[in-house]
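Residue numbers (our numbering), protein chains in the order written: chain A, 1 to 194; chain B, 195 to 531.
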């Protein structure tokens, strides 16, 4: 009973918040509602008994990814509305509607066919004498999905190195401690690059 | 501590516990301001508050009246909804984080026979939940700074994003080494692991120090209180706030200090185990009180750091140290087994 009520509260609230994210013209509203929606999605994970995934949702999406959006927000005037360019609105609605339809069919087909089976259900690790959500996830991650896991790790490493190289060009100069004016600094950097 | 011997946790017990946490922690947050001023005054050879009531004890009530009756100002060009929501986010996330940590000892209310548990919600990934919720707390200062249409606020929220994101990495990595040793994410397991009297800080001194430093940054305490550095950016993200909205930020900050104190006590300092002749509940309160005092002590003793020094400390000193600590712990665990 509690779960039933909680599920509908979370589901409706998440949908409304994500609608605000899409519809709102104010950057601040969009970002706030997106972050709040992410928090509520973790509530759905907790309801399903997947505590670990719920917490990961909190830490990764709310704590890290949304905060990176917030960095980008610093370059806008957050209190003003954004003027969006609407080209062909019929096309947009058509494409968006089609994509939504495809997603619904994709996710509902196995439910209707009753072919959904958990290959690695919760409680998997109990056979090995340890119980807990984190252990379940770890077991699956390091046996069945080891290769995708390592490939994803490699991809993140590549992205990180690329980011450091892109950002690190002028890092030899400490801008805080430098007493030269901006123009002098630019000249110095240009000289160094030449 | 065998779970089967404990009475069943009912919904009424959890609700009573939640109200208890809310009331007591909010009161402690208020009283904490008095203690903070008195201790700072003592360390700087001043008197501190002393005019309202005996030893200035009623200063708390005077401050409360001031906060409640102060005019509530919302700047003209501010985004009013977000401006109003931001302080609530700070206070709410701080108290939600407290839901998963052991705060007071468990007890049964005599006449109505309701068992009140020590942890309001004993999920088995407690540590991650608390860290995640404290991470979500960054939205309070961030949104507050961006909604108020004030340049100091924007600078404050930019610093929030940078500081909280960076030090989350250090908190997570430093606490990873104890998690590897215990093999669980539950606070109860951490407590039981140290039941023989050997505190984890003996095995993991580096992780403990890293966690404390990162804890100062995450709770926005001096030497890392760059979000509201008076000398540089007026008040940072709270520049435009007044009255009880400002008070909510304050309560949230003090609740976070207590949370950090609880995590440090349970994970590193032996938890709520009995020690010599002292019962467990006295020990945990003593440890939390000491970590609270420690934060005030540091505030009186250390100057602020510059933002670039803060980043240097995080990415070039603390994070490599934390990674090395995790690797060494892993190797030692592998060799011992």
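In this text, a Cβ means the ideal position worked out from N, Cα and C, and glycines have one as well.
*Taking the continuous alpha helix (DSSP H) assigned at residue 364 of chain B, which residues delimit it?*
Boundaries of the alpha helix (DSSP H) around residue 364 of chain B: 345-376.
*Taking just the CA atoms, how far does residue 247 of chain B sit from residue 197 of chain B?*
At residue 197 of chain B the pLDDT is 45, less than 50, meaning the model places this residue with poor confidence; the figure from the coordinates comes in the next sentence. Roughly 47 Å separates the two Cα atoms.
*Boundaries (first-last residue) of the beta strand (DSSP E) holding residue 310 of chain B*: Counted as a single uninterrupted DSSP element, the beta strand (DSSP E) harbouring residue 310 of chain B occupies residues 308-310.
_Using C-beta distances below 6 Å, list every residue in its chain close to residue 353 of chain B, excluding the 5 sequence neighbours before and after it, in chain order._
Within the same chain, residue 353 of chain B has close Cβ partners 420 and 421.
*Check whether the Cβ of residue 214 of chain B lies closer than 8 Å to any Cβ atom in chain A.*
Closer than 8 Å: no.
*What's the gap between the Cα of residue 133 of chain A and the Cα of residue 361 of chain B?*
Annotation: residue 133 of chain A to residue 361 of chain B spans about 26 Å, alpha carbon to alpha carbon.
_Inter-residue spacing [alpha-carbon to alpha-carbon] between residue 474 of chain B and residue 377 of chain B_ = Here the alpha carbons of residue 377 of chain B and residue 474 of chain B stand approximately 23 Å from one another.
*Who are the near neighbours of residue 530 of chain B in its chain, counting only those whose CB is closer than 8 Å to its CB and skipping five residues on each side?*
By the criterion of a C-beta distance shorter than 8 Å, residue 530 of chain B is surrounded by no residue of its chain, once the five residues flanking it on both sides are discounted.
*asked:* I'd like the list of long-range same chain contacts for residue 53 of chain A, defined as Cβ closer than 6 Å, with 5 residues on each side in sequence excluded.
replied: Answer for residue 53 of chain A: 45, listed in chain order.
*residue 86 of chain A versus residue 92 of chain A - alpha carbon distance*: Spanning the two alpha carbons is a distance of roughly 9 Å.
*asked:* How far does the alpha helix (DSSP H) with residue 441 of chain B in it extend, from its first residue to its last?
replied: Looking at the DSSP string, the run of the alpha helix (DSSP H) that includes residue 441 of chain B is 437-457.
*Work out the CA separation of residue 386 of chain B and residue 195 of chain B for me, nearest whole Å.*
In this predicted model, residue 195 of chain B has a pLDDT of only 39, less than 50, meaning its place in the structure is not dependable; the value taken from the coordinates is given anyway. Distance between the alpha carbons of residue 195 of chain B and residue 386 of chain B is about 8 Å.
*Show which residues of chain A have a CB atom less than 7 Å away from the CB atom of residue 330 of chain B.*
Near residue 330 of chain B (Cβ distances below 7 Å), the residues of chain A are 39, 58, 62 and 63.
*residue 81 of chain A by DSSP, collapsed to three states: which one?*
Residue state, collapsed to three classes: strand.
*Any chance you could list the beta strand (DSSP E) runs of at least 3 consecutive residues sitting entirely within the stretch 467-491 of chain B, in chain order?*
Taking only runs of at least 3 residues, no beta strand (DSSP E) segment lies wholly in the stretch 467-491 of chain B.
*Would the beta-carbon of residue 456 of chain B fall within 8 Å of that of residue 314 of chain B?*
No.
*asked:* With the cut-off set at 8 Å, would you say residue 62 of chain A and residue 38 of chain A are in Cβ contact?
replied: The answer is yes: Cβ separation under 8 Å.
*Euclidean distance between Cα positions of residue 364 of chain B and residue 479 of chain B*: If I take the Cα positions, the gap works out to 26 Å.
*Nonlocal neighbours in the same chain, by C-beta distance under 8 Å from residue 244 of chain B, ignoring five residues either side*: Listed in chain order, the non-local C-beta contacts of residue 244 of chain B below 8 Å within the same chain comprise 250, local neighbours out to five positions each way being set aside.
*Span of the alpha helix (DSSP H) around residue 91 of chain A*: Run containing residue 91 of chain A: 89-112, per the alpha helix (DSSP H) assignment.
*Is the stretch 396-404 of chain B touching the stretch 330-340 of chain B in the sense that three or more CB pairs, one from each, lie closer than 8 Å?*
As far as the Cβ criterion goes, the stretch 330-340 of chain B does not touch the stretch 396-404 of chain B, which means the pair count is below three.
*Listing by chain order, which chain B residues have their CB less than 8 Å from the CB of residue 32 of chain A?*
Ordered by position in chain B, the residues that pass the 8 Å Cβ test against residue 32 of chain A are 276, 279, 333 and 337.
*Could you tell me the boundaries of the alpha helix (DSSP H) in which residue 211 of chain B lies?*
Residues 205-237.
*chain A residues whose Cβ lies nearer than 7 Å to that of residue 323 of chain B*: Residues of chain A passing the Cβ test: 55.
*Beta-carbon separation of residue 412 of chain B and residue 328 of chain B under 8 Å?*
Closer than 8 Å, so yes.
*Would you mind sorting residue 211 of chain B into buried or exposed? The rule is 16 or more other CB atoms within 10 Å of its CB.*
Residue 211 of chain B should be labelled buried.
*Is DSSP giving residue 336 of chain B helix, strand or coil here?*
The three-state reading of DSSP puts residue 336 of chain B in helix, counting H, G and I together.
*asked:* Can you check whether the C-beta of residue 163 of chain A is within less than 8 Å of a C-beta belonging to chain B?
replied: Answer no: the Cβ-Cβ gap between residue 163 of chain A and chain B never drops below 8 Å.
*Apart from the five residues on each side of it in sequence, which residues of its chain come closer than 6 Å, Cβ to Cβ, to residue 30 of chain A?*
For residue 30 of chain A, where only same-chain residues beyond five positions count, the Cβ hits under 6 Å are 21 and 24.
_Are the CB atoms of residue 344 of chain B and residue 284 of chain B within a distance shorter than 8 Å?_
It is not a contact, given that the beta carbons lie outside the stated cut-off.
*Would you say residue 438 of chain B and residue 262 of chain B are within 8 Å of each other, going by their C-beta atoms?*
Cβ distance < 8 Å, so residue 438 of chain B and residue 262 of chain B count as in contact.
*8 Å Cβ cutoff met for residue 297 of chain B and residue 381 of chain B*: Taking 8 Å as the Cβ cut-off, residue 297 of chain B and residue 381 of chain B do not qualify as a contacting pair.
*Label residue 89 of chain A either buried or exposed according to how many other C-beta atoms from any shown protein chain fall within 10 Å of its C-beta, with 16 as the threshold for buried.*
Counting Cβ neighbours within 10 Å, residue 89 of chain A comes out exposed, since fewer than 16 surround it.
_Could you tell me the alpha carbon to alpha carbon distance between residue 33 of chain A and residue 359 of chain B, rounded to whole angstroms?_
Roughly 20 Å between the two C-alpha positions.
*asked:* One question on the structure: do residue 368 of chain B and residue 516 of chain B come within less than 8 Å of each other, judged by their Cβ atoms?
replied: Their beta carbons are under 8 Å apart, which means residue 368 of chain B touches residue 516 of chain B by this criterion.
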